Amino acid sequence: MIRNRTPSRQTRAVLTALLDRPLEWRHGYELSKLSGLSSGTLYPLLIRLHDRGLLEARWMEPERPGRPARHAYRLSSAGAAFARDLAGAGQAGAIFGREALA
Amino acid sequence: MTDVFSRTWLADQLMRRAARRMRRRHPDWAAAMVAEGEALVSGGERLAWAAGCLDASYRAAETSEAALYAPALLVGVGGMILYQWSADESLVTLVVLALICLALGALSPRRLWLSALPVGLVVAAVNVFETLTGVHPAYETARHGLAHNLRWVVLVAPALMAVAAGRFARSRLGGHPLSP
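Quick note, the sequences are listed as chains A and B, same order.
Count along the first sequence from 1, add 106, and you get the number used in our numbering.
Count along the second sequence from 1, add 9, and you get the number used in our numbering.
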């Protein structure tokens, strides 16, 4: 049986941070600062959002030579729609299954 | 200066461990964590980031394990109950118990007692049930008292040993959360 679950406060924080400028790619550290979450909380959430098709991820070339390439994230179209619904109604979590956004 | 170097060194050690754990299930995300940590210049920020990534690597592993563990435990306890109800060969009981606990220990090394207690108590519980209710399997001819049946709680000891052995086996194979 599938149990519905409302996204957690932490998930909402990440979605809100990403929704602020939905077309921009953001690094993990920046998201951590925007959402107030540690990397220990942030990465499991990003992985789940990505697995659910709500998040796009890509490697970005370094801005300066000699710096490492970094992983960057933004909401997919489905993710943006979900985040907007969530921000608007606060009910969108009901569409998720039990292993969704804890 | 030494302080900065030691923080960076510690951060690198933590990140290496986190990446090794995360790589097993999420190789791309392991690389992402490492890259993000390397992009941070401040030793303190890098250390905090690495510590969080180590936490994330454990959470990711636990999430995957948790989905399998509960059904596995139910199957294990159910198997023990079925066997205990259908036969009464002490040695075979011990082997079945050991195999189930070995598998549970390998599946979830952190749940030593949670795996060993329910499986180890099945024999005592089934015998106590028979005594209290009078319902017993066909092969059971002799009746025993409650105290006699309760002595089977001693099977928790081999159950614990088998779970520990499963945990050890997994650590040798490189999947143990507590492994270096």
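Ideal placement from N, C-alpha and C gives every residue a C-beta, glycine not left out.
Predicted, not measured: the structure shown is a model, and the values here were computed from it.
- Here the alpha carbon of A39 of chain B sits roughly 22 Å from the alpha carbon of S117 of chain B.
- Going by beta carbons, A119 of chain A and G134 of chain A fall outside the 8 Å limit.
- Within a 10 Å sphere around the beta-carbon of F188 of chain A sit 16 or more other beta-carbons, which makes this residue buried.
- Relative to the Cα of W18 of chain B, the nearest Cα in the group B:A59, B:V84, B:P36 belongs to B:A59.
- For D21 of chain B, the closest Cβ of chain A is not nearer than 8 Å.
- Taking 8 Å as the threshold, the shortest C-beta distance from M42 of chain B to chain A falls below it.
- For the stretch 133–149 of chain A, residues whose beta-carbon sits nearer than 9 Å to a beta-carbon of chain B comprise H133, G134, Y135, S138, L143, S144, S145, G146, T147, L148, Y149.
- Bridge partners of E162 of chain A according to DSSP: A:R180.
- Exposure of W122 of chain B is indicated by the presence of fewer than 16 other C-beta atoms within 10 angstroms of its C-beta.
- Per the C-alpha coordinates, the member of B:L23, B:S66, B:Y67 positioned closest to E47 of chain B is B:L23.
- Residue burial annotation: H35 of chain B is buried, with at least 16 other C-beta atoms found within 10 angstroms of its C-beta.
- Taking the Cβ atoms as the reference, S124 of chain B lies roughly 4 Å from L113 of chain B, within the contact range of under 8 Å.
- Contact of A168 of chain B with chain A by beta-carbon distance below 8 Å is absent, the smallest such distance being about 30 Å.
- For T112 of chain A and A193 of chain A, the gap between their C-alpha atoms comes out near 13 Å.
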